[in-house]
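In the working numbering, the protein residues as written are 213 to 500.
Using N, Cα and C, we set each Cβ at its ideal position, and we do this for glycine too.
Note that this is a predicted model, so its numbers are computed, not measured.
Encoded as structure tokens, the structure appears first; notes follow it.
Structure, rendered in structure tokens:
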């Protein structure tokens, strides 16, 4: 929604299928997406305790092998702490459930909590770009609200963020820059700002959804009511499968720019890493 309200409307509110490729060539996009999935699976299995030798023997792609070796060289930096892979948490916010699926959460003896997200960008994104991503704002908020159970910390009686914000850090480990991850320390002021921002965002989307009757469709399958605003960053349209529907071109942008500019994380190639089948009964949330 933040990247493009119209895309959110088409995909989630109207559930319009528009089978255009996000980037070309498709084969390269699929290859990079598969490698990213394979890398995340390797890390997950390693953190669960599977033998490194067995996992390494399954790696045959040179890019994947380079990422895997870089990860193995980096992971000892965590030291003697609990590293919990693939943690799913949710918490109530503005009448909805805010969910985060973490690649890994590292819990120290001092109950400090480090969020680690494995990124396979070909080039390093800017710190400012990462800071503005919803992931950087959502993940710490959910952990503060709902992470007490995995930190073995009792919930406060008033349920006012039982985790201390200054005990939380968000870290992006970059496969192509493995020795220099991008970290974001958290504190109370940032937490309150992000909480207010996300609350306002959810409220805005909810109000916009309430203004339109979404069961009303035209003969072409699109809504016959209000069209939500299109992104002002037309570069994004080159990597959106709805670009021809929105009359913003009919040719997919080049894959190298698609990945290097970070669009893969929100516009397709990286979504296979983020779109997971969740059993909501297994997602922990704060009591309320």
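Status (buried if at least 16 other CB within 10 Å, exposed otherwise) for residue i
| i | result |
| --- | --- |
| residue 359 | buried |
| residue 398 | buried |
| residue 245 | buried |
| residue 428 | Here the model assigns residue 428 a pLDDT of 42, short of 50, so the residue's position is not dependable, and the following value carries that caveat. Exposed: under 16 other Cβ atoms inside 10 Å. |
| residue 266 | exposed |
| residue 332 | buried |
| residue 221 | buried |
| residue 453 | buried |
| residue 248 | buried |
| residue 328 | buried |
| residue 462 | exposed |
| residue 321 | exposed |
| residue 482 | Residue confidence is low: residue 482 scores 39 on pLDDT, short of 50, so the model does not pin down where it sits. No coordinate-derived value is stated. |
| residue 379 | buried |
| residue 319 | buried |
| residue 455 | buried |
| residue 272 | exposed |
| residue 386 | buried |
| residue 308 | exposed |
Those residues which DSSP pairs with residue i across a bridge
| i | result |
| --- | --- |
| residue 299 | 314 |
| residue 394 | 384 |
| residue 308 | 305 |
| residue 534 | Nothing can be reported for residue 534, as the shown portion of the chain is limited to 213 through 500. |
N- and C-terminal bounds of the beta strand (DSSP E) containing residue i
| i | result |
| --- | --- |
| residue 329 | 325–331 |
Opening and closing residue of the alpha helix (DSSP H) in which residue i lies
| i | result |
| --- | --- |
| residue 341 | 339–344 |
| residue 411 | 400–422 |
| residue 217 | 217–220 |
- Jot down the residue ranges of each uninterrupted alpha helix (DSSP H) in the stretch 252–296, minimum 4 residues, whole runs only, in chain order. 264–269 and 274–286
Practice item. Assess, as a yes-or-no matter, whether the stretch 342–352 is touched by the stretch 304–315 under the definition of 3 or more beta carbon pairs within less than 8 Å. Key: Result yes; three or more Cβ-Cβ pairs closer than 8 Å.
message = When you compare the stretch 400–409 with the stretch 284–301, are there three or more beta-carbon pairs, one atom per stretch, that lie closer than 8 Å?
response = no
Exercise. Evaluate the contact criterion for the stretch 278–294 versus the stretch 249–264: three or more CB pairs, one atom per stretch, below 8 Å.
Key: yes
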